[in-house]
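Trainee: Counting with full-length UniProt numbering, you get residues 1 to 737 for the letters of the sequence shown. C-beta: ideal position from N, C-alpha, C; glycine also. Attaching a single structure in structure tokens format; questions to follow.
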Amino acid sequence: EVYFKNLSKQKQKEVMEKNGNNHKLRVCVATCNRADYSKLAPIMFGIKAEPQFFELDVVVLGSHLIDDYGNTYRMIEQDDFDIHTRLHTIVRGEDEAAMVESVGLALVKLPDVLNRLKPDIMIVHGDRFDALALATSAALMNIRILHIEGGEVSGTIDDSIRHAITKLAHYHVCCTRSAEQHLIAMCEDHDRILLAGCPSYDKLLSAKNKDYMSIISMWLGEDVKTRDYIVALQHPVTTDIKHSIKMFELTLDALISFNKRTLVLFPNVDAGDKEMVRVMRKKGIEHHPNFRAVKHVPFDQFIQLVAHAGCMIGNSSCGVREVGAFGTPVINLGTRQTGRETGENVLHVRDADTQDKILHALQLQFGKQYPCSKIYGDGNAVPRILKFLKSIDLKEPLQKKFCFPPVKDNISQDIDHILETQSALAVDLGGTNLRVAIVSMKGEIVKKYTQLNPKTYEDRLALILKMCVEAASEAVNVNCRILGVGISTGGRVNPREGIVLHSTKLIQEWSCVDLRTPISDVLHLPVWVDNDGNCAALAERKFGHGKGIENFVTLITGTGIGGGIVHQHELIHGSSFCAAELGHIVVSLDGPECLCGSQGCIEAYASGIALQREAKKLHDDDLLLVEGMSMKEEEIVSAAHLIQAAKLGNTKAESILRTAGTALGLGIVNILHTVNPSLVILSGVLANHYVNAVKDVISRQALSSVKTVDVVVSNLADPALLGAASLVLDYTTRRIY
Numbered sequence: 001e002v003y004f005k006n007l008s009k010q011k012q013k014e015v016m017e018k019n020g021n022n023h024k025l026r027v028c029v030a031t032c033n034r035a036d037y038s039k040l041a042p043i044m045f046g047i048k049a050e051p052q053f054f055e056l057d058v059v060v061l062g063s064h065l066i067d068d069y070g071n072t073y074r075m076i077e078q079d080d081f082d083i084h085t086r087l088h089t090i091v092r093g094e095d096e097a098a099m100v101e102s103v104g105l106a107l108v109k110l111p112d113v114l115n116r117l118k119p120d121i122m123i124v125h126g127d128r129f130d131a132l133a134l135a136t137s138a139a140l141m142n143i144r145i146l147h148i149e150g151g152e153v154s155g156t157i158d159d160s161i162r163h164a165i166t167k168l169a170h171y172h173v174c175c176t177r178s179a180e181q182h183l184i185a186m187c188e189d190h191d192r193i194l195l196a197g198c199p200s201y202d203k204l205l206s207a208k209n210k211d212y213m214s215i216i217s218m219w220l221g222e223d224v225k226t227r228d229y230i231v232a233l234q235h236p237v238t239t240d241i242k243h244s245i246k247m248f249e250l251t252l253d254a255l256i257s258f259n260k261r262t263l264v265l266f267p268n269v270d271a272g273d274k275e276m277v278r279v280m281r282k283k284g285i286e287h288h289p290n291f292r293a294v295k296h297v298p299f300d301q302f303i304q305l306v307a308h309a310g311c312m313i314g315n316s317s318c319g320v321r322e323v324g325a326f327g328t329p330v331i332n333l334g335t336r337q338t339g340r341e342t343g344e345n346v347l348h349v350r351d352a353d354t355q356d357k358i359l360h361a362l363q364l365q366f367g368k369q370y371p372c373s374k375i376y377g378d379g380n381a382v383p384r385i386l387k388f389l390k391s392i393d394l395k396e397p398l399q400k401k402f403c404f405p406p407v408k409d410n411i412s413q414d415i416d417h418i419l420e421t422q423s424a425l426a427v428d429l430g431g432t433n434l435r436v437a438i439v440s441m442k443g444e445i446v447k448k449y450t451q452l453n454p455k456t457y458e459d460r461l462a463l464i465l466k467m468c469v470e471a472a473s474e475a476v477n478v479n480c481r482i483l484g485v486g487i488s489t490g491g492r493v494n495p496r497e498g499i500v501l502h503s504t505k506l507i508q509e510w511s512c513v514d515l516r517t518p519i520s521d522v523l524h525l526p527v528w529v530d531n532d533g534n535c536a537a538l539a540e541r542k543f544g545h546g547k548g549i550e551n552f553v554t555l556i557t558g559t560g561i562g563g564g565i566v567h568q569h570e571l572i573h574g575s576s577f578c579a580a581e582l583g584h585i586v587v588s589l590d591g592p593e594c595l596c597g598s599q600g601c602i603e604a605y606a607s608g609i610a611l612q613r614e615a616k617k618l619h620d621d622d623l624l625l626v627e628g629m630s631m632k633e634e635e636i637v638s639a640a641h642l643i644q645a646a647k648l649g650n651t652k653a654e655s656i657l658r659t660a661g662t663a664l665g666l667g668i669v670n671i672l673h674t675v676n677p678s679l680v681i682l683s684g685v686l687a688n689h690y691v692n693a694v695k696d697v698i699s700r701q702a703l704s705s706v707k708t709v710d711v712v713v714s715n716l717a718d719p720a721l722l723g724a725a726s727l728v729l730d731y732t733t734r735r736i737y
């Protein structure tokens, strides 16, 4: 870690020397509308905060300067930025020709501005037609271009504009791993691509806990409560204007019928926007008691409004990108965002062709709360972007280089652009210890934290949150990108809801516990929860002997006996999430009592607790210790003493272990006859002591058709943590529409 940091500092020092020790990077940021300013503002603040490295020039154009759209340039002034130039570039009109003329007008006016400013680099955001004019002007005037949010996919002409800007840009800052792959597939130089996340997330992820009731009251009325209102933001689709106008009418009709207080924002400047405003006025939205229609909401306040809304509806990219950070339900209408990566909070209505269909979507989504998603960022984009800017060598040739196929398999960035590893936060809740680890995609435990597991629910949950927050913060320092949190815990778990239904006696006050919601709310990450036996099976499937095996069973032999069953590559949970409770397979009708209350379970014979019980009996009868063994007076008798005695020739200890191995073997024979796996994996501290006994029982007791099953000992050092990480790394909530 220290080596990487020093290498990065040395690289920046070399770049400064090449560029001239006193030369500051002159950065021109051009903003066209309220949406792109929300992404550019965090970068602008970062640049302004480091005057020893940068000079900032701000150019404002497009809809910022139009009264009908709220004169949003004022919020730039309120943020204390000096606007160097204002360019009126929008040609009024209601068709596609007006957009083309606006691009032309911008191309006429921009050269004079760029000649005067002479920036070293221009930062251009997104996929709007105004941004295309900016990129074209800068490219033709030999000015380096840094493009924000390239490589993404959506469903309108914006897609083509975004990719056209990508081909003009010299450097790229993308928000998701998929976007990075798209840029590489488009032959962009992977050394000039930075996977940073969305800059707006730097503000989003610190915003939810701020005062919000006054903001809700100001925009929607004092009688409105959180989660009891809707935010609507819908834009025309320029490739199908008539259909998008009709869809907007149906949306407003559905919202009127749904009868909830609704904040409606005016659409973007696009062909068809005036017609949409006419539809609003025709339906009386501006005077309807349930509606508030506004041209613009400052971004800081807009964040609070969507964070605490009962639902957001429309076709804005904000719905599928930023709103996921809060877990607010979203209804995405039509084709405008086709192809965007989305979290599980987004419900797509592809053909919003009836009022009833939209109304039904509102009934399904309104008031729900989803896990917070960080698909588009982790709150650390701006530091990465500033570091990237500092690394730019102005003496390098300006001419772009394209990396034509074959594309390199390794899509990682150069180390000087912050090499990051996709990782998971893994939590293991054991009977004694609580462990949290950062686990990489390859199964490497990058960092691990261990504490004693508290006895009460409140203390335990507080400690989990504290350890996870610390680990998530440390992940940035060790260049790991956390995709989510996976939790392995004893007991019966509903993985769909993230709830511990019923715990083992080893973990007190741990029944009917919702783990997903509090952890997701604090970390703004998706959270998965499962039983520790199932997690062990997942660990084997991803990192161990089960990799590539269609049907296998994992048994954990530790304090208790647990396990997981993988059938046709999928984990089996059962109708009431009780599948694979392998430790409670009964192998004797009159056997010893089990902790579950039954008799003769495998766990009552072969678990660490069972062996400890038998060891204590022998010790009480002075039959445990043999020559070569000794125990301190205060030392607690354990299963380890029984195993040691057996190794030193204690026949009674050997008999107990033989009985335990036989019981485990009989249970595994029952499993073989029930699910017929091709592989049995023994995991845990007792696995090596049981493997031969299990093989012997199978050879004697199993049907001939299953005797050929492979029985192996796990080679994973920490299956519980690796399994918890697998929950995240295999099931990250990314859905492509």
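Considering only C-alpha positions, which residue in the set 644, 520, 257 and 617 is nearest to residue 630?
Mentor: Ranking the options by Cα distance to residue 630, first place goes to 644.
Trainee: For residue 314, name the three-state secondary structure that DSSP assigns.
Mentor: It is a strand residue.
Trainee: DSSP has residue 148 in a bridge; who is on the other side?
Mentor: In the DSSP output, where bridge partners are listed per residue, residue 148 has 125 and 173.
Trainee: Per DSSP, residue 449 is paired with what?
Mentor: Beta-bridge pairing links residue 449 to 436.
Trainee: Among 497, 492 and 496, which has the Cα closest to the Cα of residue 503?
Mentor: It is 492.
Trainee: Tell me, please, which residues DSSP counts as bridged to residue 293.
Mentor: In DSSP, residue 293 forms a bridge with 264.
Trainee: Can you tell me whether residue 320 is buried or exposed? The criterion is at least 16 other CB atoms within 10 Å of its CB, across all chains shown.
Mentor: That one is buried.
Trainee: Terminal residues of the continuous beta strand (DSSP E) containing residue 85?
Mentor: Looking at the DSSP string, the run of the beta strand (DSSP E) that includes residue 85 is 83 to 87.
Trainee: Once the 5 residues before and after residue 654 are set aside, which same chain residues still bring their CB inside 8 Å of it?
Mentor: Around residue 654: 646.
Trainee: Bridge partners of residue 348, per DSSP?
Mentor: In the DSSP output, where bridge partners are listed per residue, residue 348 has 332.
Trainee: Starting from residue 428, follow the beta strand (DSSP E) in both directions and report where the run begins and ends.
Mentor: Where residue 428 is concerned, the enclosing beta strand (DSSP E) stretches over 421 to 429.
Trainee: Kindly provide the ranges of any alpha helix (DSSP H) runs that are 4 or more residues long and lie completely inside the region 498 to 545, ordered along the chain.
Mentor: For the region 498 to 545, whole alpha helix (DSSP H) runs of length 4 or above, ordered along the chain, are 516 to 523 and 532 to 543.
Trainee: List the endpoints of the continuous beta strand (DSSP E) containing residue 485.
Mentor: Segment 480 to 489, the beta strand (DSSP E) holding residue 485.
Trainee: Inspect the beta-carbon positions of residue 479 and residue 585 and report whether they are closer than 8 Å.
Mentor: Contact flag unset, no.
Trainee: Output the distance between the C-alpha atoms of residue 418 and residue 384, rounded to the nearest integer angstrom.
Mentor: With a pLDDT of 40 at residue 418, under the threshold of 50, the modelled position of this residue cannot be trusted; read the value that follows with caution. Answer to the nearest angstrom: the Cα atoms are 7 Å apart.
Trainee: In the structure shown, what three-state DSSP assignment does residue 271 receive?
Mentor: It is coil, neither helix nor strand.
Trainee: In chain order, what residues of the same chain have a beta carbon less than 8 Å from the beta carbon of residue 600, not counting five sequence neighbours either side?
Mentor: The answer, listed in chain order, is 586, 587, 588, 589, 590, 591, 592 and 594.
Trainee: Which residues in the same chain as residue 552 place their Cβ atom closer than 6 Å to its Cβ, once the five residues preceding and following it in sequence are excluded?
Mentor: Same-chain partners within the cutoff: 546, 566, 677 and 679.
Trainee: Report yes if the CB atom of residue 373 is closer than 8 Å to the CB atom of residue 325, and no otherwise.
Mentor: Result yes, Cβ atoms of residue 373 and residue 325 sit closer than 8 Å.
Trainee: Could you tell me the distance, in whole angstroms, from the CA atom of residue 530 to the CA atom of residue 429?
Mentor: Spanning the two alpha carbons is a distance of roughly 11 Å.
Trainee: Suppose you measure from the CA of residue 411 to the CA of residue 177; what does that come to, to the nearest Å?
Mentor: Model confidence at residue 411 stands at a pLDDT of 42, short of 50, so the residue's coordinates are unreliable; what they give is reported in the following sentence. When rounded, the distance between both Cα atoms is 9 Å.
Trainee: Looking at the structure shown, is residue 720 part of a helix, part of a strand, or coil, going by DSSP?
Mentor: It is helical.
Trainee: Around the Cβ of residue 628, are there at least 16 other Cβ atoms within 10 angstroms (buried) or fewer (exposed)?
Mentor: With fewer than 16 Cβ atoms within 10 Å of its Cβ, residue 628 is classed as exposed.
Trainee: For residue 232, which three-state DSSP category applies?
Mentor: Strand.
Trainee: In terms of alpha-carbon separation, which member of 97, 84 and 92 lies closest to residue 112?
Mentor: Nearest option by C-alpha distance: 84.
Trainee: Could you round the C-beta distance between residue 577 and residue 501 to whole angstroms and report it? I think they count as a contact, below 8 Å.
Mentor: Going by Cβ atoms, the distance from residue 577 to residue 501 rounds to 7 Å, so yes, they are a contact pair.
Trainee: Could you tell me if residue 363 is buried or exposed, where buried requires 16 or more neighbouring beta carbons within 10 angstroms of its beta carbon?
Mentor: Burial call: exposed.
Trainee: Assuming residue 498 contacts residue 525 under a Cβ cut-off of 8 Å, what Cβ separation, rounded to an integer in Å, is found between them?
Mentor: In fact, because the Cβ distance is near 12 Å, the residues do not count as touching under 8 Å.
Trainee: Tell me whether the beta-carbon of residue 46 lies closer than 8 Å to the beta-carbon of residue 296.
Mentor: No, they are not a contact pair.
Trainee: Quick test of the definition: if touching needs 3 or more C-beta pairs under 8 Å, does the region 63 to 77 touch the region 93 to 105?
Mentor: With the cut-off at 8 Å, the region 63 to 77 and the region 93 to 105 do not touch.
Trainee: First and last residue of the alpha helix (DSSP H) that includes residue 648?
Mentor: Here residue 648 belongs to no alpha helix (DSSP H), and DSSP marks it neither H nor E.
Trainee: May I have the straight-line CA-CA distance separating residue 115 from residue 450, to the nearest angstrom?
Mentor: Distance between the alpha carbons of residue 115 and residue 450 is about 59 Å.
Trainee: Is residue 728 helix, strand or coil by DSSP?
Mentor: Of the three classes helix, strand and coil, the one that applies to residue 728 here is helix, per DSSP.
Trainee: Assuming residue 128 and residue 33 form a contact by the criterion Cβ under 8 Å, report the distance between their Cβ atoms to the nearest whole angstrom.
Mentor: Yes, they are in contact, since the Cβ atoms of residue 128 and residue 33 sit about 7 Å apart, within 8 Å.
Trainee: Could you please give the first and the last residue of the uninterrupted alpha helix (DSSP H) stretch that includes residue 692?
Mentor: Residue 692 -> alpha helix (DSSP H) spans 687 to 701.
Trainee: By the three-class DSSP mapping on this structure, what secondary structure does residue 706 have?
Mentor: Note: residue 706 maps to coil in three-state DSSP.
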